[in-house]
Structure formats: C-alpha cells, structure tokens
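Engineer: Dropping a structure here in structure tokens format, bear with me for questions.
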DNA sequence: CACAGTTAGTTGAGTGTTCAACCACAAACG
DNA sequence: CGTTTGTGGTTGAACACTCAACTAACTGTG
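Protein chains in written order, with my numbering: chain A, 573 to 741; chain B, 573 to 741.
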C-alpha cells in the first residue's frame, strides 16, 4: 500500500483549511501520473546530458555552465558572487567548482579591483578552447534529447511552464 | 562572447547533413531562452523538493522514492534489480542507498528464494512510519512548487511533454 | 572613529553518486 | 558435464554537493 496512493478520507469538518494541522492535499491519480512522468523525464534527460558531457568532454554539466557564463561576460570574467547568482548556485558550490576548474587550467582567480574581499573568476584560453570543443556535442545532445522530441507547440508550452515554475523564488 | 551564442555561418555546402563532421545545429535565440528557462525551473524546483525533505524528514528525495516503491509492492519488498529498474537507478546507487537505509533501520535485506544471487529489499515498520511521517510535507511541497503554479492546461501539457521526453530511452 | 552588523568568499566534514573492478551464482552451449 | 558467458549485486575510490563554521573586509550608525 503506497502512502499517498489516493485521496484519503477527509478529517473532521472543523479543521482549518490550511496550515500544519490540515489534512494533506494528496495527489489524485492523474496528478500522480503527471508527477511520476515528470520525474522520469527529468531523470532520463539529465542523465543523457550529464553522460554525454562527462564522456566526451570530461566535465559535469555544472562546470560547462560556469564556462559558458564566463565566456559571455566582458573580459570573460565575473565576480564570484555575480557568477553564483546567475547560475543559481551556492557560493560554496561555486567556490569548490572554481577551485577544480583552476586546477584544470580552465579558469584563473584574480582579485577584484576596489574590493579587497572580492575575486574574479577569469576564463583562460585553455578554458575557452575546452568549452569550444565541448559545445557542439552538448548542443547536439540538448537537441536530440529535448527539442527533437517535442512539437513547436510543446516547446512553447515548456517555455511558459518553466517560467511559471521559476516565478517567485 | 558565448560559444553557442547564435546560428553560425554555414560550412561548405557539400558537407554531410548529419554525423560528426556536420556543422553543429546551434540553438536559435528562442530555443536558447527556452533551454535556460527549463534549466532554471528544474534547478529551483528540485532544490525546493530536496530541501523540504532534507529539513523535515532528514532524507534525500531519492531515498524517499525507494521507500515509496517498497511501500507499494506486495509484502513491501522488491528484488534489488527490480527496484533499481523501477527507479531508473543504477544498481550501484541503489546498493549504496539501501545500505544506508538499512543502517537507519528503515529497510532490511532478505535473500531471495530460488536464486541465491538475489536479494530483496524489505521496508520495515520503522521505514513505513518514516515514510508516512514524511509524505504530507513532501506532497504539500510538490503541490506548492509545481501544481499550484500551473493551470490545468499546463499540467496536461507537462504530462505530455514529459512522456515525449522519456519516450525511447 | 569605534564597533556592530553585513557581505565576499573559503574551508572541511559528511553525504551521495559514479565508475570500474570484482565475486558468486545461473544459464547456455558444445 | 565442464566451460564459457551472462546476471545479480557489492565494493572502494574519486568526485561533487551541502551545511555550518570561519576569516577578512566593507558599511552604517551613533
């Protein structure tokens, strides 16, 4: 017997409509199917993306994104905190990741002018080359496993759905 | 300058239309926006889900899913390989995870009858209780961060999109 | 200008995932 | 039947992420 298998019997009628004491708003059968399909799809998709990048370019997708953001920035460099914000990454995660990218010679740290607490992450030429080498295979994977599987209407819908999910926080 | 910033100049006209030698099919500006919105949405969403479960139930979402699948199975038990298949999990990941769940007293291993290589993962009463305690908060989070943000049409679309992405592999 | 509070960033420990190597048993094959 | 090949599952090392604690420098306030 699954725990949230179906809508359970309602609690007493005088319960408040929300809050910690309220009965859980279980998913109905259709929602349950949508939820599991969504989990399955994202799992399969990101596994493909991650796998392709790891196999062909020896980097996790998160590191690829760091390189992309840096490559787009003026002077191919960005303050650590600014980079973390754009990537929706914790400072800690970014700090660890940049350390590894630095060891690989793809990124270099430079202390920020005017704020002695601050550091810039700078994309090196080697880093740019690694990104340029990785990009075609990665884009192809995104096409194959995402865009090619959807109709133009579905792509539009996915865009709107994504923005709705990301809205507020 | 971003690496895949726009559609690049086409290569020689006698190039093959696909294969490793073909020019990359870069994302156009709209696809790029959709792709980034999708990444952002999934990142935000899973961070919420993971965070809620970690805070309130001290388990990662992957472990919650193991408990759910076991709770749904006859005798609350499943062969390791069957469980791995249903979760789209590697055997290694599942093996490590079940070891931890075993240490927590939430799952127990039982050798499978008839195949001395095989093992069953069995949900314990403590495990069921932990799942039952975690479920309401988790379901609420799924509602808040997914279903509540979408219109019924969008939920339907998300279901179809998810199935399309998961189709074939 | 002292000092309380905030911001930038790093660090290390703990946890989870991957990958390749591995052992034990089962099935298939000549 | 004995040997090969496949399957079920585990293991340990390497890597990545999280969380909390921490240092250092900046900012605002009286």
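Here a beta-carbon is modelled for each residue, glycine too, at the ideal position from N, C-alpha and C.
Computed from a predicted model, the values in this text were never measured in an experiment.
Taking the alpha-carbon of residue 690 of chain B as reference, which of B:659, B:608, B:674 and B:650 has the nearest alpha-carbon?
Structural biologist: B:650
Engineer: Residue 742 of chain B versus chain A: which residues are under 7 angstroms apart at the beta carbon?
Structural biologist: Chain B is shown from 573 up to 741; residue 742 of chain B falls before or after that span and cannot be answered.
Engineer: When DSSP labels each residue in this structure, what does residue 682 of chain B get in the three-state scheme?
Structural biologist: strand
Engineer: Measure the alpha-carbon distance for residue 597 of chain A versus residue 617 of chain A and round it to whole angstroms.
Structural biologist: 29 angstroms
Engineer: One question on the structure: do residue 696 of chain B and residue 731 of chain A come within less than 7 angstroms of each other, judged by their Cβ atoms?
Structural biologist: no
Engineer: Applying the criterion that 16 or more other CB atoms from any shown protein chain within 10 Å of the CB defines a buried residue, is residue 740 of chain B buried or exposed?
Structural biologist: exposed
Engineer: Under 7 angstroms, CB to CB, which of the residues in the stretch 675-697 of chain B have a partner in chain A?
Structural biologist: none
Engineer: Can you tell me which of B:673, B:653, B:640 and B:714 puts its alpha carbon nearest to the alpha carbon of residue 623 of chain B?
Structural biologist: Ranking the options by Cα distance to residue 623 of chain B, first place goes to B:714.
Engineer: By the three-class DSSP mapping on this structure, what secondary structure does residue 653 of chain B have?
Structural biologist: helix
Engineer: For residue 599 of chain A, go through chain B and note every residue whose CB falls closer than 9 angstroms to its CB, in chain order.
Structural biologist: 711, 714, 715 and 719
Engineer: Sort B:717, B:611, B:723 and B:638 by Cα distance to residue 657 of chain B and report the nearest one.
Structural biologist: B:638
Engineer: Establish whether the CB of residue 669 of chain B and some CB of chain A are separated by less than 7 angstroms.
Structural biologist: no
Engineer: Since residue 737 of chain B and residue 613 of chain A are thought to touch, with beta carbons under 8 angstroms apart, how far apart are those beta carbons, to the nearest angstrom?
Structural biologist: 4 angstroms
Engineer: Using the three-state DSSP reduction, which class does residue 695 of chain A fall into: helix, strand or coil?
Structural biologist: When DSSP states are grouped into helix, strand and coil, residue 695 of chain A belongs to the strand group.
Engineer: If the cut is a Cβ gap below 9 angstroms, which residues of chain B does residue 736 of chain A touch?
Structural biologist: 613, 721, 722, 723 and 726
Engineer: Nearest to residue 700 of chain B by CA position, among B:609, B:641, B:611 and B:655, is which residue?
Structural biologist: B:641
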